[in-house]
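J.: Residue numbers (the numbering used here): 172 to 339. Sharing a structure with you now.
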Amino acid sequence: MWTIYTFGNGDVLTQILLGIRIMMTTGRFESLMELALLVFAMFGLVYFVFNRRFLVPLVVGAFFILFVSVRITVDVSVEDQVNPDVPDQIVNSVPLAIALPAYLSGQVGYYTTQLVEASFPMPVQYTQGQASFNRPLFDLQKVLNARLQDSDLARNTDSYFMMCVFRE
């Protein structure tokens, strides 16, 4: 089982992986892949007729695309490092073409974050779990997404945008 480390939105990534698994491992997508193999085979035949040379890389590439994207599957565990409310979730039979890049990027991000946390001292208020380095980023995102209620600041900001930024 491969572990994909996320830094927020682990539940969303799990749902995306479930959707891709359903799409790529059901009969309809496999029949599309078989159609693509048929097109590759016909193109290879036409290429052979006109050039008198068999195109081996095309055939090997076609079978590689089919088996990597549909046939070879792995089990994946998604662990959210920032939000402790999201439990670790397991997705079975994720195609290798999708799971491998997600696994590699999750591992690189996780170990890079561990190195940064070990190298630079962090304030205690930003330490949470194993991903304290990314906590200030999420706090900043919350501040930027905050809504201003009707106040002088909100009115002044609106008038500034209307008079200075978006002048008619």
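Every residue gets a Cβ at the ideal spot worked out from N, C-alpha and C, and that includes glycine. Values in this document were obtained by computation on a predicted structure and should not be read as measured data.
1. According to DSSP, what are the bridge partners of Asp-251?
2. When you compare the CB positions of Gln-252 and Thr-185, do they come within less than 8 Å of one another, or not?
3. Please state the DSSP three-state secondary structure of Asp-169.
4. Check for me: the alpha helix (DSSP H) holding Phe-225 runs from which residue to which?
5. Based on DSSP bridge pairs, tell me the residues matched to Val-287.
6. Return the CA-CA distance between Val-247 and Arg-223, expressed in angstroms with no decimal places.
7. Let me make sure I understand the geometry here. Which of Ala-212, Leu-271 and Gly-215 has the alpha-carbon closest to that of Tyr-176?
8. Skipping 5 residues on each side, what residues in its chain have a beta carbon closer than 8 Å to that of Val-230?
9. Determine the DSSP secondary structure at Ser-264, reduced to helix, strand or coil.
10. Have a look at Pro-258, Val-257, Thr-283 and Ile-236 and flag the residue whose alpha-carbon is nearest the alpha-carbon of Pro-266.
T.: On the basis of the coordinates in this document:
1. On the sequence shown, residue 251 is found 80 positions in, with the first residue counted as 1. According to DSSP, Asp-251 bridges with Thr-177.
2. Along the sequence shown, read from residue 1 onward, the residue named residue 252 stands at position 81. Along the sequence shown, read from residue 1 onward, the residue named residue 185 stands at position 14. Contact: no.
3. The structure shown does not extend to residue 169, since the chain spans only 172 to 339, so no value can be given for it.
4. As a position in the sequence shown, residue 225 is number 54, starting the count at 1. Segment: none, Phe-225 is in no alpha helix (DSSP H) and carries neither H nor E.
5. As a first step, residue 287 must be located in the sequence shown, where it is residue number 116. In the DSSP output, where bridge partners are listed per residue, Val-287 has none listed.
6. As a working mapping, residue 247 is identified with position 76 in the sequence shown. As a working mapping, residue 223 is identified with position 52 in the sequence shown. C-alpha separation (whole angstroms): 45 Å.
7. Counting from 1 along the sequence shown, the entry for residue 176 is found at position 5. Measuring from the Cα of Tyr-176, the nearest candidate turns out to be Leu-271.
8. Start at 1 with the first residue of the sequence shown, and residue 230 comes out as number 59. Result list for Val-230: Phe-211, Ala-212 and Gly-215, in chain order.
9. Translated into positions along the sequence shown, residue 264 becomes position 93. It is a strand residue.
10. As a working note, residue 266 is residue 95 in the sequence shown. That would be Ile-236, whose Cα lies nearest to the Cα of Pro-266.
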